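Report on the structure given below.
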Amino acid sequence: MNGGDEVVAAPAGPPQPLEWKFSQVFGERTAGEEVQEVDIISAIEFDKSGDHLATGDRGGRVVLFERTDTKDHHGSRRDLERMDYSISRHPEFRYKTEFQSHEPEFDYLKSLEIEEKINKIKWCQTANGALFLLSTNDKTIKFWKVQEKKVKKVSDMNVDPKAMGNGSIASSSNSSSSKSYLANGVSPDGPYNYLNNDFSFPPEGVPSLRLPLVTSHETSLVARCRRVYAHAHDYHINSISNNSDGETFISADDLRINLWNLEISNQSFNIVDVKPANMEDLTEVITSAEFHPTHCNTLAYSSSKGSIRLVDLRQSALCDSHAKLFEEQEAPGSRSFFTEIIASISDIKFGKDGRYILSRDYMTLKLWDINMDSGPVATFQVHEYLRPKLCDLYENDSIFDKFECCLSGDGLRVSTGSYSNLFRVFGCVPGSTEAMTLEASKNPMRRQVPTPSRPSRSLGNSITRVVRRGAESASVDANGNSFDFTTKLLHLAWHPTENSIACAAANSLYMYYA
Numbered sequence: 001m002n003g004g005d006e007v008v009a010a011p012a013g014p015p016q017p018l019e020w021k022f023s024q025v026f027g028e029r030t031a032g033e034e035v036q037e038v039d040i041i042s043a044i045e046f047d048k049s050g051d052h053l054a055t056g057d058r059g060g061r062v063v064l065f066e067r068t069d070t071k072d073h074h075g076s077r078r079d080l081e082r083m084d085y086s087i088s089r090h091p092e093f094r095y096k097t098e099f100q101s102h103e104p105e106f107d108y109l110k111s112l113e114i115e116e117k118i119n120k121i122k123w124c125q126t127a128n129g130a131l132f133l134l135s136t137n138d139k140t141i142k143f144w145k146v147q148e149k150k151v152k153k154v155s156d157m158n159v160d161p162k163a164m165g166n167g168s169i170a171s172s173s174n175s176s177s178s179k180s181y182l183a184n185g186v187s188p189d190g191p192y193n194y195l196n197n198d199f200s201f202p203p204e205g206v207p208s209l210r211l212p213l214v215t216s217h218e219t220s221l222v223a224r225c226r227r228v229y230a231h232a233h234d235y236h237i238n239s240i241s242n243n244s245d246g247e248t249f250i251s252a253d254d255l256r257i258n259l260w261n262l263e264i265s266n267q268s269f270n271i272v273d274v275k276p277a278n279m280e281d282l283t284e285v286i287t288s289a290e291f292h293p294t295h296c297n298t299l300a301y302s303s304s305k306g307s308i309r310l311v312d313l314r315q316s317a318l319c320d321s322h323a324k325l326f327e328e329q330e331a332p333g334s335r336s337f338f339t340e341i342i343a344s345i346s347d348i349k350f351g352k353d354g355r356y357i358l359s360r361d362y363m364t365l366k367l368w369d370i371n372m373d374s375g376p377v378a379t380f381q382v383h384e385y386l387r388p389k390l391c392d393l394y395e396n397d398s399i400f401d402k403f404e405c406c407l408s409g410d411g412l413r414v415s416t417g418s419y420s421n422l423f424r425v426f427g428c429v430p431g432s433t434e435a436m437t438l439e440a441s442k443n444p445m446r447r448q449v450p451t452p453s454r455p456s457r458s459l460g461n462s463i464t465r466v467v468r469r470g471a472e473s474a475s476v477d478a479n480g481n482s483f484d485f486t487t488k489l490l491h492l493a494w495h496p497t498e499n500s501i502a503c504a505a506a507n508s509l510y511m512y513y514a
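Each residue of the sequence shown is one higher than the one before, counting from 1 in full-length UniProt numbering.
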């Protein structure tokens, strides 16, 4: 777009690589500080406007942040451009509020402990200045409303104290008397006795009786749980996703996907069920699911076998038969013990326009065009340098780590996390060689070393591109540093309209902009 509504031709070459800068950090650790398990961030999500950010942690808490550097912008973007007002300012967020979303529970029928850890957070449509969001742990989804409430106080007395004798009457908000009264104001000690030593009417009488005034001096944020969607999943919930109709959402566990109405918490519809009649025949499980951003009848879900299925809710009530299947054929002779494990997709995300799906497996990021099911249109190598270490990764369970992925709002770049608190940013425009490795610290470019970018190569007549970035040595990461499997950056989110990324390193939330 060129400022107006007309579509202009795409530029000849790919966009220049971005230079990422540190913006903010919340919950920064001091050197040697031990991180409490309950404080580790387990979910991150921007709302559609990008003005609010939510994080969930393993302690069941949800923390909300709001953007502050756009508060003083009045008028539309076009008005600001006309006034030559720069809107590309340093993004700044501030802590807004937090609340306890989930508590630890125990399933007595299955003798199963249910963690309070927040698995996913999704923002819902705002209404009347209130924020709405869904949060889930392994078993229970909750619908939260966060709203500013005015704190009301009684600011005036019934009778003017100056008009009274030696007595005093305290208002309902600051009574210091220890004497108890019944609901109608009668003292249990005896009947009314206005003419006692504590109170006396002035000789000339009370000129006027003034009712107390209730005034609002300040506001406080109140989070209230509006609905609880429980007892619908036998297995751990791995995904929730809002529908574009604003009325429904899905929740997915290992074997089933359920469709809910936001207003109805005691009923859901099972729309995908991959559970075999005999559990010994089970070969794959659902790993992630997401609604199409604009088509309310379309959703996609990924599996542990590396495939993505596109489902059309209009076809049948139970969507066991998919409309499209996206999977990459494995190269002949490349199969090993780890092939299926590293092929398992840990996260999928639709692009903003719904044309592309980004998927993350253990080794790679893949970009899929929903109009082309022959294979991914681009593959980005993230952990290729770990291939010689797969045995060690299997022994310490790191091979089962579930890394998330995200796309930029303009669809030009993709990002995902890695070990040693590193995250990668790749350009996904044809011809782009952008492949950045950044560290979740105050100096994100600290471990960035210049490496010769390799040209993308096409495979036969396919338009598949393979973008590689990684060292050949098995004991170093992409920048030649020794990697640390204990520090992993699993969760990150891209701002919906700007080049700004929020990522979680243990209990710290780091934010970057370009």
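Ideal placement from N, C-alpha and C gives every residue a C-beta, glycine not left out. All values derive from a computational prediction rather than experimental measurement.
Does the distance from the C-beta atom of L259 to that of I271 stay below 8 Å? The residue labelled residue 259 in the question sits at position 259 within the sequence shown. The residue labelled residue 271 in the question sits at position 271 within the sequence shown. Contact flag set, yes.
Endpoints, the beta strand (DSSP E) within which D347 is located: For the purposes of this step, residue 347 is taken as the residue at position 347 of the sequence shown. From DSSP, the beta strand (DSSP E) with D347 extends over D347 to F350.
Starting from L393, follow the beta strand (DSSP E) in both directions and report where the run begins and ends. Here residue 393 is taken as the residue at index 393 of the sequence shown, counted from 1. From DSSP, L393 is part of no beta strand (DSSP E) but of the alpha helix (DSSP H) over L390 to E395.
Once you ignore the five residues that flank T287 on each side, which residues in its own chain have a CB closer than 7 Å to its CB? Numbered from 1 along the sequence shown, position 287 holds the residue referred to as residue 287. If we look at T287 and ignore the five residues flanking it on each side, its Cβ neighbours are N238, S302, S303, S304, S344, I345 and S346.
Whole-angstrom distance between A493 and S49, CA atom to CA atom: Taking the sequence shown and counting its residues from 1, one reaches residue 49 at position 49. Taking the sequence shown and counting its residues from 1, one reaches residue 493 at position 493. Looking at the two C-alpha atoms, the distance is approximately 13 Å.
Where do the N-terminal and C-terminal ends of the beta strand (DSSP E) with I257 fall, by residue? Residue 257 sits at position 257 when you count from the first residue of the sequence shown. DSSP places I257 in the uninterrupted beta strand (DSSP E) bounded by R256 to N261.
What did DSSP end up calling D106 once you bin it into helix, strand or coil? As a working mapping, residue 106 is identified with position 106 in the sequence shown. Asp is not the amino acid found at residue 106; the sequence shown has Phe there. Of the three classes helix, strand and coil, the one that applies to F106 here is strand, per DSSP.
Helix, strand or coil for E384 per DSSP? Residue numbering aside, residue 384 sits at position 384 when the sequence shown is read from its first letter. If DSSP states are grouped into helix, strand and coil, E384 belongs with the helices.
Write down every uninterrupted run of the alpha helix (DSSP H) in the region 316-379 whose length is 4 residues or greater and which is fully enclosed by it, in chain order. 339-343
Would you decide whether M279 is buried or exposed? Buried here means 16 or more other CB atoms lie within 10 Å of its CB. The sequence position of residue 279 within the sequence shown is 279, counting from 1. M279 should be labelled exposed.
From which residue to which residue does the beta strand (DSSP E) around D312 run? Here residue 312 corresponds to residue number 312 of the sequence shown, with the count starting at 1. Per DSSP, D312 belongs to the beta strand (DSSP E) from I308 to D312.
Nearest to D253 by CA position, among A504, R29, E439 and A289, is which residue? The residue labelled residue 253 in the question sits at position 253 within the sequence shown. Ranking the options by Cα distance to D253, first place goes to A289.
I need the DSSP call for S429, collapsed to helix, strand or coil. Taking the first residue of the sequence shown as position 1, residue 429 is located at position 429. In the sequence as presented, Ser is not what sits at residue 429; that position holds Val. Correct three-state label for V429: coil.
Burial state of G129, where buried means 16 or more other Cβ atoms lie within 10 Å: In the sequence shown, counting from the first residue as 1, residue 129 sits at position 129. The residue in question, G129, is exposed, as its Cβ has fewer than 16 Cβ neighbours within 10 Å.
Rounded C-alpha distance that separates F65 from E116: Working through the sequence shown from its first residue, we reach residue 65 at position 65. Working through the sequence shown from its first residue, we reach residue 116 at position 116. Rounded to the nearest angstrom, the two C-alpha atoms are 21 Å apart.
I'd like the list of long-range same chain contacts for T68, defined as Cβ closer than 8 Å, with 5 residues on each side in sequence excluded. The residue you call residue 68 lines up with position 68 of the sequence shown. These residues qualify, in order along the chain: E92, F93 and R94.
Candidates V62, H102 and R387: which alpha carbon is nearest T140's? Within the sequence shown, residue 140 is the residue found at index 140, counting from 1. Per the Cα distances, H102.
Distance, Cα to Cα, S251 vs S155? Reading the sequence shown from its first residue, position 251 is the one you call residue 251. Reading the sequence shown from its first residue, position 155 is the one you call residue 155. In this structure, the CA atom of S251 is about 48 Å from the CA atom of S155.
Could you give the first and the last residue of the continuous beta strand (DSSP E) run that contains H217? Here residue 217 corresponds to residue number 217 of the sequence shown, with the count starting at 1. Looking at the DSSP string, the run of the beta strand (DSSP E) that includes H217 is V214 to Y229.
For the region 119-137 and the region 32-40, state whether three or more C-beta atom pairs, one from each stretch, are separated by less than 8 Å. Judged by pairs of C-beta atoms under 8 Å, the region 119-137 does not touch the region 32-40, as fewer than three such pairs exist.
Supposed contact pair S500 and Y513 - C-beta distance, whole angstroms, cut 8 Å: As a first step, residue 513 is located in the sequence shown; it is residue number 513 there, counting from the start. As a first step, residue 500 is located in the sequence shown; it is residue number 500 there, counting from the start. The pair is a contact, with the Cβ atoms about 5 Å apart (cut-off 8 Å).
According to DSSP, is E19 part of a helix, a strand, or is it coil? As a position in the sequence shown, residue 19 is number 19, starting the count at 1. Residue state, collapsed to three classes: coil.
8 Å CB neighbourhood of V414 in its chain, flanking five on each side removed: In the sequence shown, the residue the question calls residue 414 occupies position 414. Same-chain partners within the cutoff: L358, L365, L367, F380, C405, C406, L407, S408, V425, F426 and C428.
DSSP has K488 in a bridge; who is on the other side? Here residue 488 is taken as the residue at index 488 of the sequence shown, counted from 1. DSSP output for K488 lists Y419 as bridge partner(s).
Are V151 and H217 touching if we call contact CB-CB under 8 Å? Here residue 151 corresponds to residue number 151 of the sequence shown, with the count starting at 1. Here residue 217 corresponds to residue number 217 of the sequence shown, with the count starting at 1. Closer than 8 Å, so yes.
Buried or exposed by the 16-neighbour rule on C-beta atoms within 10 Å, applied to Q16: Within the sequence shown, numbered from 1, the residue matching residue 16 stands at position 16. By the neighbour-count rule (16 or more Cβ atoms within 10 Å), Q16 is not buried but exposed.
Spatial distance of K324 from L310 (CA atoms): Taking the sequence shown and counting its residues from 1, one reaches residue 324 at position 324. Taking the sequence shown and counting its residues from 1, one reaches residue 310 at position 310. Spanning the two alpha carbons is a distance of roughly 5 Å.
Below 8 Å on the Cβ atoms is my guess for D57 versus I118; work out the distance and round it to an integer in Å. Sequence index remark: in the sequence shown, residue 57 carries index 57 (1-based). Sequence index remark: in the sequence shown, residue 118 carries index 118 (1-based). Indeed, because the Cβ distance is near 6 Å, the residues count as touching under 8 Å.
Distance, T486 Cα to D392 Cα: Taking the first residue of the sequence shown as 1, we reach residue 392 at position 392. Taking the first residue of the sequence shown as 1, we reach residue 486 at position 486. Between the C-alpha atoms of D392 and T486 there is a straight-line separation of about 13 Å.
Rank T55, L18, E19 and D51 by C-alpha distance to the C-alpha of G27 and give the top, closest one. The count along the sequence shown starts at 1 and reaches residue 27 at position 27. With distances taken between Cα atoms, G27 lies closest to T55.
Between the Cα of Q147 and those of E98, G411, S268 and P388, spot the shortest distance and give me the residue it belongs to. Residue mapping note: residue 147 aligns to position 147 of the sequence shown, counting from 1. Checking every option, the nearest Cα to that of Q147 belongs to E98.
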